[in-house]
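These protein sequence lines map, in sequence, to chains A and B.
For what it's worth, my numbering labels the leading residue of the first sequence as 685, then goes sequentially.
For what it's worth, my numbering labels the leading residue of the second sequence as 685, then goes sequentially.
Backbone N, C-alpha and C define an ideal beta-carbon position, used for all residues, glycine too.
These notes are about the structure you will find just below.
2 protein chains.
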Amino acid sequence: MTAPEELTVAERIRNRFDNLTRAERQLANAIMENYPASGLGSITAVAIASNVSTPTVLRMAKKLGFSGFPDLQAALHLEIEATILNPIAKHNRWAENAPDTHILNRFADVVMENMRQTLRQIDPAEFNTVAELLSDREHAVHVVGGRITRSLADYFFTHMQVIRENVTLVAPNSNIWPHYLLNMRPGDVLVAFDIRRYERDIMGLVKMAKSKGVVVVVFTDQWGSPAAKHARHSFHSRIEAPSAWDSSVISLFVVEAMIAAVQSLSWEETEQRMKSLEDLFDQTRLFRKFT
Amino acid sequence: MTAPEELTVAERIRNRFDNLTRAERQLANAIMENYPASGLGSITAVAIASNVSTPTVLRMAKKLGFSGFPDLQAALHLEIEATILNPIAKHNRWAENAPDTHILNRFADVVMENMRQTLRQIDPAEFNTVAELLSDREHAVHVVGGRITRSLADYFFTHMQVIRENVTLVAPNSNIWPHYLLNMRPGDVLVAFDIRRYERDIMGLVKMAKSKGVVVVVFTDQWGSPAAKHARHSFHSRIEAPSAWDSSVISLFVVEAMIAAVQSLSWEETEQRMKSLEDLFDQTRLFRKFT
DNA sequence: AATTTTATGAAAATATATCTCCAGATTTGT
DNA sequence: ACAAATCTGGAGATATATTTTCATAAAATT
Numbered sequence: 685m686t687a688p689e690e691l692t693v694a695e696r697i698r699n700r701f702d703n704l705t706r707a708e709r710q711l712a713n714a715i716m717e718n719y720p721a722s723g724l725g726s727i728t729a730v731a732i733a734s735n736v737s738t739p740t741v742l743r744m745a746k747k748l749g750f751s752g753f754p755d756l757q758a759a760l761h762l763e764i765e766a767t768i769l770n771p772i773a774k775h776n777r778w779a780e781n782a783p784d785t786h787i788l789n790r791f792a793d794v795v796m797e798n799m800r801q802t803l804r805q806i807d808p809a810e811f812n813t814v815a816e817l818l819s820d821r822e823h824a825v826h827v828v829g830g831r832i833t834r835s836l837a838d839y840f841f842t843h844m845q846v847i848r849e850n851v852t853l854v855a856p857n858s859n860i861w862p863h864y865l866l867n868m869r870p871g872d873v874l875v876a877f878d879i880r881r882y883e884r885d886i887m888g889l890v891k892m893a894k895s896k897g898v899v900v901v902v903f904t905d906q907w908g909s910p911a912a913k914h915a916r917h918s919f920h921s922r923i924e925a926p927s928a929w930d931s932s933v934i935s936l937f938v939v940e941a942m943i944a945a946v947q948s949l950s951w952e953e954t955e956q957r958m959k960s961l962e963d964l965f966d967q968t969r970l971f972r973k974f975t
Numbered sequence: 685m686t687a688p689e690e691l692t693v694a695e696r697i698r699n700r701f702d703n704l705t706r707a708e709r710q711l712a713n714a715i716m717e718n719y720p721a722s723g724l725g726s727i728t729a730v731a732i733a734s735n736v737s738t739p740t741v742l743r744m745a746k747k748l749g750f751s752g753f754p755d756l757q758a759a760l761h762l763e764i765e766a767t768i769l770n771p772i773a774k775h776n777r778w779a780e781n782a783p784d785t786h787i788l789n790r791f792a793d794v795v796m797e798n799m800r801q802t803l804r805q806i807d808p809a810e811f812n813t814v815a816e817l818l819s820d821r822e823h824a825v826h827v828v829g830g831r832i833t834r835s836l837a838d839y840f841f842t843h844m845q846v847i848r849e850n851v852t853l854v855a856p857n858s859n860i861w862p863h864y865l866l867n868m869r870p871g872d873v874l875v876a877f878d879i880r881r882y883e884r885d886i887m888g889l890v891k892m893a894k895s896k897g898v899v900v901v902v903f904t905d906q907w908g909s910p911a912a913k914h915a916r917h918s919f920h921s922r923i924e925a926p927s928a929w930d931s932s933v934i935s936l937f938v939v940e941a942m943i944a945a946v947q948s949l950s951w952e953e954t955e956q957r958m959k960s961l962e963d964l965f966d967q968t969r970l971f972r973k974f975t
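Here you go:
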């Protein structure tokens with residue numbers, strides 16, 4: 685036997701429909717008509733929409749086993765939550781041979797949730813715009829990162845360097861940033877990485893670059909680096925992690941997607957460059973042959 | 685141009701995120717967290733759930749272009765109605781506002797599959813063993829990466845350096861690797877990153893380190909670096925990507941999970957070190973204060 | 001360091017929603 | 001057709017939600 689609390693409002697209505705009075709049936713039909721959205725307004729709104737009085741709504745709510753109208757509505761909210769929630773996020777266990785509480789599984793849960801949230805926030809149009817900016821050979825691309833984000837900046841730079849010419853990685857030491865600023869021209873793009881704790885210097889660099897007419901793109905976290913306010917475009921990744929540190933996994937995900945987008949916007953040139961690169965590698969015998 | 689009334693609440697939040705204040709961003713994130721169900725309660729309930737005051741909720745609602753909170757909520761109700769009525773348009777996409785074929789969605793699919801496969805392959809016992817090895821202060825940890833994996837090595841190094849002393853990042857230039865080999869002692873741990881195309885030099889370094897009694901841990905891809913054969917432990921991440929490059933997202937995921945595991949194995953010391961680090965940052969005023 | 005601007009939440013004021021009560025309408029049983 | 005039981009909604013009482021006001025705190029600017 686299912687406990688009454690676990691029945692949906694719709695089920696309760698169906699179960700007790702025969703016990704309902706005329707006005708209540710009218711109300712029940714109106715609710716089922718466009719369920720569950722029809723039950724979301726105030727008791728007054730629901731009453732009016734169904735052409736019954738508010739006490740009728742209340743009485744039916746009580747008949748259905750709720751303590752009052754707000755109680756019924758809370759149940760509807762939970763149902764909506766359950767219906768709308770993305771089922772992909774609910775993977776019970778990632779590493780099947782490890783317990784749920786193993787760090788691998790906990791991490792996997794959080795990362796997937798981060799991914800879901802991040803993708804919901806990204807505006808694909810803005811993403812495309814930035815990809816186009818970055819594939820424009822007319823203007824240079826400058827990349828800068830902070831203490832932790834340096835690795836991301838470096839990763840991004842390494843790939844962009846293969847895709848196109850005229851890409852600079854700004855050195856981590858902010859003392860010599862003025863040298864880099866010298867080389868930035870209007871229309872150039874500055875890609876800055878900054879997650880908490882946000883670094884003063886990045887903010888400064890962004891402001892100065894902006895005043896020189898440089899288009900600034902900031903990759904930051906869900907709270908947003910202060911530098912993002914001065915940026916033309918910004919991408920917010922969720923960086924939650926079951927650890928003392930933040931997670932950069934999703935930031936890297938967005939970066940890789942961006943690299944892929946830029947690459948496909950200018951595949952012909954990129955392909956050429958990659959081939960030349962292969963040749964160079966062959967000559968230096970840096971790599972073993974891949975089988 | 686879309687009329688403002690036709691934008692969803694989520695879109696409005698995205699559009700104006702950069703104009704939001706700290707408390708408002710906190711609220712926005714809480715709403716997006718479990719959207720749209722999170723916005724269904726009373727203004728008070730929403731405020732409490734997000735840990736902000738009710739006026740903040742109201743102010744944000746107005747900033748987003750609504751006349752008040754009930755207006756915002758009515759918009760949510762309409763969205764829910766639209767979503768539920770059209771079940772096909774729903775949840776099979778990550779970035780709901782981009783087509784399935786958009787690179788963001790294709791990337792998300794692949795990453796998710798990579799994660800599944802990778803976690804299925806990892807032996808949690810081995811994972812734990814390596815975490816213990818890395819948290820043993822008696823022995824030094826050396827980290828090395830290749831052309832692409834350098835960023836991962838760097839990331840791992842940066843974090844390990846905070847967690848414990850006696851961690852070295854081996855410089856990318858393999859000419860001077862012999863210098864580093866000089867400092868490796870039996871029982872030390874060498875963490876090497878190597879994904880295709882596998883690099884000859886990494887292989888050489890691993891072999892030599894092994895012959896000196898160093899415990900080698902290799903992070904590689906699903907096919908496995910040849911260096912992995914000489915390693916005591918190895919972790920294989922799936923690096924498939926819808927792009928000309930491989931994806932490092934899952935490798936980073938495993939690295940972060942490992943960092944978290946090591947950190948929790950020696951939390952007391954790590955905590956001390958992190959506090960000292962905070963103090964140092966405060967003194968150098970490198971970061972802006974995070975609120 | 002001092003000043004201005006902006007952001008924030010506590011608390012009061014207002015508006016709205018919810019519930020209670022009850023008088024009349026409707027149905028049911030005789 | 002009549003009495004009893006039940007149903008229904010109007011109107012007021014109460015509770016809650018929403019908005020406004022304002023003092024304080026934080027941040028930006030000078």
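Partners in chain A for Lys702 (chain B), counting only beta-carbon separations shorter than 7 Å
According to the sequence shown, residue 702 (chain B) is Asp rather than Lys. Those are Gly908, Ala912, Lys913 and Ser918, listed as they occur along chain A.
Contact list for Gln947 (chain A) against chain B, beta-carbon separation under 7 Å
Gln947 (chain A) reaches chain B at Ser927 and Ala928, counting residues in chain order whose Cβ is nearer than 7 Å.
When the cut-off is 8 Å and only beta carbons count, does Leu711 (chain B) lie next to chain A?
Not closer than 8 Å to any Cβ of chain A, the Cβ of Leu711 (chain B) fails to qualify, so no.
Contact residues within the stretch 819-834 of chain B, judged by C-beta distance below 8 Å to chain A
Taking 8 Å as the Cβ-Cβ cut-off against chain A, the residues of the stretch 819-834 of chain B that qualify are Arg831, Ile832 and Arg834.
Looking only at DSSP bridge pairs, what is Leu853 (chain A) linked to?
For Leu853 (chain A), DSSP records a beta bridge to A:Val827.
Measuring CB to CB, does Leu874 (chain A) end up less than 8 Å from Val898 (chain A)?
In this structure, Val898 (chain A) lies closer than 8 Å to Leu874 (chain A) by Cβ.
Burial state of His863 (chain A), where buried means 16 or more other Cβ atoms lie within 10 Å:
With fewer than 16 other Cβ atoms within 10 Å, it is exposed.
Which of the three DSSP states, helix, strand or coil, is assigned to Asp872 (chain B)?
Assignment of Asp872 (chain B) by DSSP, reduced to helix, strand and coil, places it in the coil class.
Compare the C-beta of Ala941 (chain A) with all C-beta atoms of chain B and state if any pair is closer than 8 Å.
So, interface residue.
Cβ contact (3+ pairs, closer than 8 Å) linking the stretch 918-932 of chain B and the stretch 796-813 of chain B
Output reads yes: the stretch 796-813 of chain B touches the stretch 918-932 of chain B.
What does Thr904 (chain A) pair with, by DSSP beta-bridge criteria?
Partner(s): A:His920.
Where does Thr833 (chain A) land, buried or exposed, given buried means 16+ other C-beta within 10 angstroms?
Within 10 angstroms of the beta-carbon of Thr833 (chain A) lie 16 or more other beta-carbons, which makes it buried.
Given this structure, state the Cα-to-Cα distance separating Arg777 (chain A) from Arg957 (chain A), to the nearest angstrom.
Because the pLDDT of Arg777 (chain A) is 46, which lies under 50, any placement of that residue in the model is unreliable, and the number read from its coordinates should be weighed accordingly. Straight-line measurement puts the Cα of Arg957 (chain A) at about 42 Å from the Cα of Arg777 (chain A).
Does the beta carbon of Ala944 (chain B) sit closer than 8 Å to a beta carbon anywhere in chain A?
It does: the Cβ of Ala944 (chain B) has a partner Cβ on chain A nearer than 8 Å.
In terms of alpha-carbon separation, which member of A:Gln947, A:Thr705 and A:Ile727 lies closest to Pro754 (chain A)?
Taking only the C-alpha atoms, the option nearest Pro754 (chain A) is A:Ile727.
So, at 7 Å on beta carbons, what are the nonlocal neighbours of Lys973 (chain B) in its own chain, with the 5 sequence-adjacent residues on each side left out?
Any reading at Lys973 (chain B) must be qualified, since the residue scores a pLDDT of 44, below 50, and its modelled position is unreliable; no value is offered.
Are the C-beta atoms of Val814 (chain A) and some chain B residue less than 8 Å apart?
Not an interface residue.
Glu797 (chain B) versus Glu940 (chain A) - alpha carbon distance:
Computed Cα separation, rounded: 16 Å.
Going straight from the alpha carbon of Ser895 (chain A) to that of Thr852 (chain B), what length do you get?
For Ser895 (chain A) and Thr852 (chain B), the distance between alpha carbons rounds to 40 Å.
Ala694 (chain B) versus Glu708 (chain B) - alpha carbon distance
Ala694 (chain B) and Glu708 (chain B) have their C-alpha atoms spaced approximately 14 Å apart.
Which residues of chain A have a Cβ atom closer than 9 Å to the Cβ of Ser950 (chain B), listed in chain order?
Simply none; closest approach about 12 Å.
Tell me the rounded alpha-carbon separation between Val986 (chain B) and His843 (chain A).
Residue 986 (chain B) is absent from the model: chain B starts at 685 and stops at 975.
Under 8 Å between C-beta atoms, does Glu810 (chain B) make it to chain A?
No, no contact with chain A.
Name the one or two DSSP bridge partners that Phe877 (chain B) has.
Beta-bridge annotation (DSSP): Phe877 (chain B) is paired with B:Phe903.
Distance between Pro808 (chain A) and Leu949 (chain B) (C-alpha atoms, nearest Å):
Per the coordinates, the alpha-carbon of Leu949 (chain B) lies some 41 Å from the alpha-carbon of Pro808 (chain A).
How would you call Ser935 (chain B), buried or exposed, if buried means at least 16 neighbouring beta carbons within 10 angstroms?
Around the CB of Ser935 (chain B), 16 or more other CB atoms lie within 10 Å, so the residue is classed as buried.
For Arg821 (chain A) versus Asn850 (chain A), is the C-beta spacing smaller than 8 Å?
Yes, the Cβ-Cβ distance between Arg821 (chain A) and Asn850 (chain A) is below 8 Å.
Which of helix, strand or coil does DSSP assign to Glu883 (chain A)?
Reduced to three states, the DSSP call for Glu883 (chain A) is strand.
Taking Cβ-Cβ distances below 8 Å as the criterion, which residues of the stretch 798-809 of chain B are in contact with chain A?
Against chain A - using a Cβ distance shorter than 8 Å - the residues of the stretch 798-809 of chain B are Met799, Arg800, Leu803, Arg804, Ile806, Asp807 and Pro808.
Is Asn812 (chain A) near the ligand PLP, going by C-beta to nearest heavy atom under 7 Å?
Inclusion of the ligand PLP in the displayed structure is not the case, the ligand content being empty and no account of it being possible.
Give me the Cβ distance between Gly829 (chain B) and Phe877 (chain B), rounded to the nearest whole Å; I'm assuming they're in contact under 8 Å.
The Cβ separation is near 4 Å, so the contact holds.
Is Asn789 (chain B) helix, strand or coil when you go by DSSP?
Note: Asn789 (chain B) maps to helix in three-state DSSP.
Could you tell me whether any Cβ in chain A is nearer than 8 Å to the Cβ of His843 (chain B)?
Interface residue, yes.
Cα separation between Thr692 (chain B) and Glu763 (chain B)?
Straight through space, the alpha carbons of Glu763 (chain B) and Thr692 (chain B) are spaced by roughly 7 Å.
Taking the alpha carbon of Asn859 (chain B) as the reference point, which residue from B:Leu889, B:Arg880, B:Phe841 and B:Arg869 has its own alpha carbon closest?
Nearest of B:Leu889, B:Arg880, B:Phe841 and B:Arg869 to Asn859 (chain B), Cα basis: B:Leu889.
Could you give the distance in angstroms between the alpha-carbon of Pro926 (chain B) and the alpha-carbon of Ala792 (chain B)?
Each residue's Cα considered, the two are about 10 Å apart.
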